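Below is one structure, written out as structure tokens; the observations come after it.
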Amino acid sequence: MTAVLEVEGLHKTFGGLVAVEAASFSVEAGRLFAIIGPNGAGKSTCFNMVGGQLRPDRGAVRLAGRDITGEPPRRIWRLGVGRTFQVAAAFGSMTVAENVQMAFLSHRRRIRALLPPARRLYREEALAVLDRVGMAGQADRQCGQLAYGDIKRVELAVALAHRPKLLLMDEPTAGMAPRERVELMALTAGIVRESGISVLFTEHDMDVVFAHADRLLVLDRGRMVAEGTPAEVRDNPEVQRIYLGG
Ligand code: ADP
Ligand code: MG
757 MTAVLEVEGL
767 HKTFGGLVAV
777 EAASFSVEAG
787 RLFAIIGPNG
797 AGKSTCFNMV
807 GGQLRPDRGA
817 VRLAGRDITG
827 EPPRRIWRLG
837 VGRTFQVAAA
847 FGSMTVAENV
857 QMAFLSHRRR
867 IRALLPPARR
877 LYREEALAVL
887 DRVGMAGQAD
897 RQCGQLAYGD
907 IKRVELAVAL
917 AHRPKLLLMD
927 EPTAGMAPRE
937 RVELMALTAG
947 IVRESGISVL
957 FTEHDMDVVF
967 AHADRLLVLD
977 RGRMVAEGTP
987 AEVRDNPEVQ
997 RIYLGG
């Protein structure tokens, strides 16, 4: 099995605070990998070092064998690391389909993306992706009018339109109702299995994490507490102490 993402000895401090200490893990193709841990554990810092928003103090990040450590976010995105964004905030006045069409266009560096004729380009591709996330029926609604859970689905469609090798999802279900959380992660897992893209995600609901993650990393105050399959991690006494408050 080839690793899409390899993280080796990543380290990040903010002033005197060690946010992430020697984190190492790898994500294989077509797998969901979760980073879990209490608030302030260093999860977002890890995501940001992989996505290029933060430069690590030490350590390496490799994408499909290529060193991308400290590269700018735009370049890392171009090389195939997608992130989910808040679509509604940016493009609320555009329709659902237009948001996804924009994603197809921007990925192909078309300057014409913003001109009116472009509104027809990639319409079919956009509809196909929207169908996959269960949003084809709402393709022509303005994003600003969607329910929160549906915005999250559009966000996923936009990320998929960039055809990432690896998708970073930092708390994708934050603010969603429990049932919607379960649905969104089940949907994401299904897409991962059939498309072969890999997902690195974090999520507070442990039932959701254990149901869908192939492997997971547990962080606590920047330190790696455990790494392995859900069964391995669940049986780890230190993990039980952190989560059950021993
Ligand atoms: P998590 O996502 O697991 O909740 P974070 O990665 O956001 O944790 O934060 C890890 C630690 O680093 C926390 O103590 C947080 O306060 C600190 N931290 C995160 N980002 C910054 C920053 N830009 N400047 C200073 N401290 C930060
Ligand atoms: Mg966070």
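Its first residue numbered 757, the sequence shown is counted upward by one per residue in this note's numbering.
For each residue, glycine too, the CB sits at the ideal point set by N, CA and C.
Bear in mind the structure is a predicted one, so any value in this text is a computation, not a measurement.
Practice task
Please find out if some non-hydrogen atom of ligand 2 comes closer than 7 Å to the beta-carbon of S800.
Solution key: yes
Practice task
For the beta strand (DSSP E) containing I792, list its first residue and its last residue.
Solution key: 788-792
Problem - Three-state secondary structure (DSSP) of V989 - result: helix
Exercise for the section: Assign L912 to one of three DSSP states: helix, strand, or coil. Expected result: helix
Problem - Simplified DSSP state of G815, which is helix, strand or coil - result: strand
Problem - G796 versus V974, N855, E988, residue with shortest Cα-Cα distance - result: V974
Exercise for the section: Give the range of the alpha helix (DSSP H) segment to which T944 is assigned. Expected result: 934-951
Exercise for the section: Tell me K768's beta-bridge partners as DSSP assigns them. Expected result: V776
Handout entry: Which listed residue (G848, G946, A785) has its alpha carbon closest to that of C899
Key = G848
Exercise for the section: Say yes only if the C-beta of D926 is nearer than 7 Å to one or more non-hydrogen atoms of ligand 2, and no if none qualify. Expected result: yes
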